[in-house]
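Enquirer:
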Amino acid sequence: EPQRAITPGQAVVFYDGQYVVGGGIIER
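And the structure:
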């Protein structure tokens, strides 16, 4: 579900259908 704001320390994950294609941690 889409979020309205991001916060440092949160994970972000990118999907292509059911496959994870990338991700990382929000730093600032």
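Residues in the sequence shown are numbered from 1 upward in steps of one, following the working numbering. Ideal Cβ placement from N, Cα and C applies to all residues, glycine included. Computed from a predicted structure; not experimentally measured.
Secondary structure at residue 5, three-state DSSP: helix, strand or coil?
Expert: The answer is coil: DSSP assigns residue 5 none of H, G, I, E or B.
Enquirer: Could you pull out every residue in the same chain whose Cβ sits closer than 8 Å to the Cβ of residue 25, ignoring the five residues on either side in sequence?
Expert: Hits under 8 Å: 9, 10, 11, 12.
Enquirer: Identify, in the order they occur along the chain, each residue of the same chain with its Cβ nearer than 8 Å to the Cβ of residue 20, setting aside the five sequence neighbours on each side.
Expert: Excluding sequence neighbours, residue 20 sits near 13, 14.
Enquirer: To which residues of the same chain is residue 28 closer than 8 Å at the C-beta, ignoring the five residues directly before and after it?
Expert: Contacts found: 8.
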